[in-house]
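Chains as they are written, first to last, in my numbering: chain C, 38 to 211; chain G, 25 to 308; chain S, 11 to 340. Taking it in order: structure first as structure tokens, then the write-up.
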Amino acid sequence: MSVVENTQAAQIPENWEPKIIAFCCHWCTYTGADLAGLNRMNYPANVRVLRIPCSGRMNPQYVIEALNKGCDGVLVCGCHPGDCHYVTGNYYARRRMMIFKRLLEYEGLEPDRFQVRWISGAEAGKFRDTVMSVVEQVRALGPLNLTREIPQFELPPVPDDDGAFDAVPEEVTA
Amino acid sequence: MTAQDAIRQRAKELLESGEVATFIGWEAGRFHNQTTPLVITDAADADKLVFNEYCVNTLAKYARDVVARGKVGLVVRGCDSRAIVRMIIDQVIKREDVYLIGVACPGMKDRKTDELLKKCAECRHGNPVECDELIGEAGEWPIPEGRFAEVAEIEAMAQPERSRYFESVYAKCIRCYACRDVCPCCTCRECFVDQRRENWVGKQNNVAENRFYGLTRVMHIGDRCIECGECERVCPMDLPLMKLNRKVIQDLNNLFGEFESSLSIDDSVEPLIAYDLNDREEFM
Amino acid sequence: MILAKQNLAPLLESMANGRDVFVPAVVDGVAKFARYGEGVEPAFDLVNTTMPPKDLLFPQTQKMYHYDVDANGSYRIYEYDESREQVVLGIRPCDMRSIVCLDEVFLTKGFVDEFYANAREKLLCVSIGCAQAAETCFCESMGIDPQLAPNADIMLQDCGDAFNVIAQTEKGEAEVARWESYLEQGEAQPVACDQSLKVSMDGVVDKLEGMYDHPIWENLSIKCLNCGTCTYVCPTCHCFDISQENRRKDGVRFRCWDSCMFSEYTAMAGGHNPRPEKLERVRNRFMHKLNFFERRYGMSLCVGCGRCVEKCPVALDITRLIDEIGATNA
């Protein structure tokens, strides 16, 4: 694990909570997260779990979009090498994510903000531990310091941000 | 006979005999030290062709546009030939669709400064890697040092500095997509930026959207980049795009073994479309 | 009135006091009109900036309005007007002419673009004439005098070591009155600007009428990459696209530059694209520059600034096209 480069500890606003999105493979980590829930394991609510069919489906664009749209960290989880439901998907993902992670860090993203882990369906404990450590690492880093949108585009703050991933409210669709 | 005369003569012969339907080369531009790509179908136009040290454009991508008219003849140097190889591997064109007249590259000059172009100074293959005939002889082309020197410079910066550096790069981008349009690796029938319905990337010009485009471009061409440097040359804002491409190439080299894309048609396994059970494990 | 060249810097300093003054400058390696301030070194000897001044009036991305849904489910719309008093100092006569074209598009024929109109009204243009031309300059051929910009508020004619100051509008006169301490009485002789690049527009507009299906477009378009460089560096290209960014119940609608070189520019709902290939797109761009605009507004949409000639990655040169059209017997 790399050393946390805390470049802006002073700027961390009070009551700020990191927002992290976890892309989890349907066949392993997503089930592992489910198992963690069944076992009543506690882990921070800063992580939003998003299911993908396989870590090989993980498009690098999802990561950039997540960071652009307000996430402070991204976690990608897949099956252990050798255990891929589609036999080889995570081998490709492994290469792609190694390259992509280096590229993001090259452009100035702190290494801890983008992490990849192999977590099987039985490893509820590992899921909990991973999430807890990622949340703590990102919390130490503070809000993402990349320019997300030009200032004139910034919308007024949303008072209650917990529903960011809610479905479209009825009054909008009606 | 100069290379230019030989190119004209061969173009004429090929077009007259009907062996090729179109021929792609360069013609003189408005200014004496400028050339512009030329596509001809008539043997009488062959005398318009020129070959001098200002032939800055890589021609290969035009083959895709005119291949529907029949076999394409074109002049290839190192970069053009690797671009053609790239397009053949990517099944954009077939080997039998093109007739390649190889010519040893003298290294091309920047029209404004009259110095060797950056892309030519960094080029590792001046001689064609694939051709049907070679005009003259293959030249000496020593492989320049410091392929990843620029990358190392950036890597030596501290993290906030790197972040600022690339933010300023993306702040300058005007998203004209010249880097995509000139790239021999960017041959998707429909680019993701043109897929408005999916709206992968917003149309607004800001650092975030420009970064989205820039990073995606690099990841898409990553292991296929032939290092022709055309993206960097055509950029109207002079963005250092090769610093991104070479970063990926460097990592591929370090992680998955020495690799250089598109040197021959047969060796077509790029690192990111392959895997090895013994790849390094960083994500356990 | 005369302004000695060494007085230009102090004058700029005094103008910038409390106002946004845009000057040609090289910022981060890009020559553009930048707001004068710290780190911006004015480069008045730059013949032409890489980026045109059009984004002062028509930014590449412009927020139009912001909307949201309140607790009762009704929509609210908040309009934006981000225009403010701006001065541009050192704009060249070709770029001033491009503003004439933009004015025609955005303000006339019964269609007034409020965003443009507001910004235009608050813009004070101080043009500096050209004493020397770049290799790619051909404004004289497009009917522009490099030492004259009739629609500028103030014209500074380059006379070697001084400028001839001519106030051409009321706004300009009021401004010049404030410059008094920097000015001297008299009049100097403007330096003649020698342009080496010349084209003849004789008959080009009329010839183009009958050239819609001419093979010239095929030959020309084949080398085009279909990138947007020429349209984005062009001072008169003014196409835009309106799009929006949504977040939960909020959203922002904005407009941004678009380019007729892009395949999705003319793409329609349902999938039809009336300009599917390079040929149609290239033809449209040049017909618009040299013929369509002339027919509608009585002036050419090309001002001869030479930016596209300079920046086109494949040297697809509008001056050569004009020559070629002139040489055809259509």
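Glycine included, each C-beta is placed from N, C-alpha and C at the ideal position.
*For M308 (chain G), decide whether its Cβ has a neighbour in chain C, counting only Cβ atoms nearer than 8 Å.*
yes
*Could you check if A159 (chain C) is buried or exposed, using at least 16 other CB atoms within 10 Å of its CB as the buried criterion?*
exposed
_Length of the line joining the Cα atoms of G162 (chain C) and M169 (chain C)_ = 11 Å
*Is Q228 (chain G) close to chain S, meaning its C-beta is less than 8 Å from at least one C-beta of that chain?*
yes
*Bridge partner(s) assigned by DSSP for M165 (chain S)*: S:S137, S:I176
*Can you list the beta strand (DSSP E) stretches of 3 or more residues lying completely in the segment 72 to 157 of chain S, in chain order?*
85 to 89, 96 to 101, 133 to 138
*In chain C, which residues lie with their C-beta within 7 Å of the C-beta of L276 (chain G)?*
I136
_Cross-strand partners of L112 (chain C) (DSSP beta bridge)_ = C:A59, C:Q152
*Should P286 (chain S) be flagged as near chain G, meaning a C-beta pair shorter than 8 Å?*
no
*asked:* Mapping the DSSP letters down to three states, classify V40 (chain C) as helix, strand or coil.
replied: Per-residue confidence for V40 (chain C) stands at a pLDDT of 39, beneath the threshold of 50, marking its modelled position as unreliable; the derived number appears in the next sentence. The answer is coil: DSSP assigns V40 (chain C) none of H, G, I, E or B.
*At a Cβ threshold of 8 Å, is A67 (chain G) touching chain C?*
no
*Using DSSP with H/G/I as helix, E/B as strand and the rest coil, what is R258 (chain S)?*
coil
*Put K95 (chain G) into one of helix, strand or coil per three-state DSSP.*
coil
*Below 7 Å between beta carbons is the criterion; list the residues of the segment 228 to 260 of chain S that meet it against any residue of chain G, in chain order.*
I232, K233, L235, N236, C237, G238, T239, Y242, V243, D251, S253, E255
*At which residues does the alpha helix (DSSP H) containing R305 (chain S) begin and terminate?*
303 to 307
_Nearest neighbour of Y67 (chain C), chosen from C:P90, C:A130, C:M135 [CA to CA]_ = C:P90
*What do you reckon, are the CB atoms on A27 (chain G) and L73 (chain G) nearer than 8 Å?*
no
*How long is the line joining the alpha carbons of Y201 (chain G) and K227 (chain G), rounded to whole angstroms?*
12 Å
*May I have a chain-ordered list of the beta strand (DSSP E) segments no shorter than 3 residues that lie completely inside the segment 105 to 177 of chain G?*
122 to 127, 157 to 159
*asked:* Taking CB distances under 8 Å as the criterion, tell me whether R263 (chain S) reaches chain G.
replied: no
*Rounded C-beta distance between D121 (chain G) and V99 (chain G)? I'm assuming under 8 Å.*
About 16 Å; that fails the 8 Å criterion.
*In chain order, what residues of the segment 305 to 322 of chain S put their CB closer than 7 Å to some CB of chain G?*
K321
*By how many angstroms is the C-alpha of A41 (chain S) removed from the C-alpha of Y128 (chain C)?*
46 Å
*T329 (chain S), DSSP secondary structure in three states*: helix
*Could one say the Cβ of S192 (chain G) lies closer than 8 Å to chain S's Cβ atoms, at least one of them?*
yes
*If you compare alpha carbons, which of G:Y123, G:N57, G:G170 is closest to A84 (chain G)?*
G:Y123
*Would you please verify whether the beta carbon of A14 (chain S) is less than 8 Å from any beta carbon of chain G?*
no
*asked:* Can you confirm whether the segment 219 to 234 of chain G touches the segment 82 to 101 of chain S when touching is taken to mean that 3 or more C-beta pairs between the two stretches lie within less than 8 Å?
replied: no
*Between which two residues does the alpha helix (DSSP H) harbouring T46 (chain G) extend?*
Element bounds for T46 (chain G): not the alpha helix (DSSP H) but the beta strand (DSSP E), 46 to 52.
*Would you mind stating whether L181 (chain C) and R139 (chain C) have Cβ atoms separated by less than 8 Å?*
no
*Give a yes or no on whether the C-beta atoms belonging to L117 (chain S) and Y126 (chain S) are separated by under 8 Å.*
yes
*Classify A35 (chain G) as helix, strand or coil using the three-state DSSP reduction.*
helix
_Positions along the segment 322 to 338 of chain S whose CB lies within less than 8 Å of some CB in chain G_ = P323, V324, A325, L326, D327, T329, R330
*Within 8 Å (strictly less), CB to CB, does N81 (chain G) reach chain S?*
yes
_For K181 (chain S), the nearest candidate out of S:A162, S:G316, S:K73, S:V313 (CA to CA)_ = S:A162
_Based on DSSP bridge pairs, tell me the residues matched to W267 (chain S)._
S:F250
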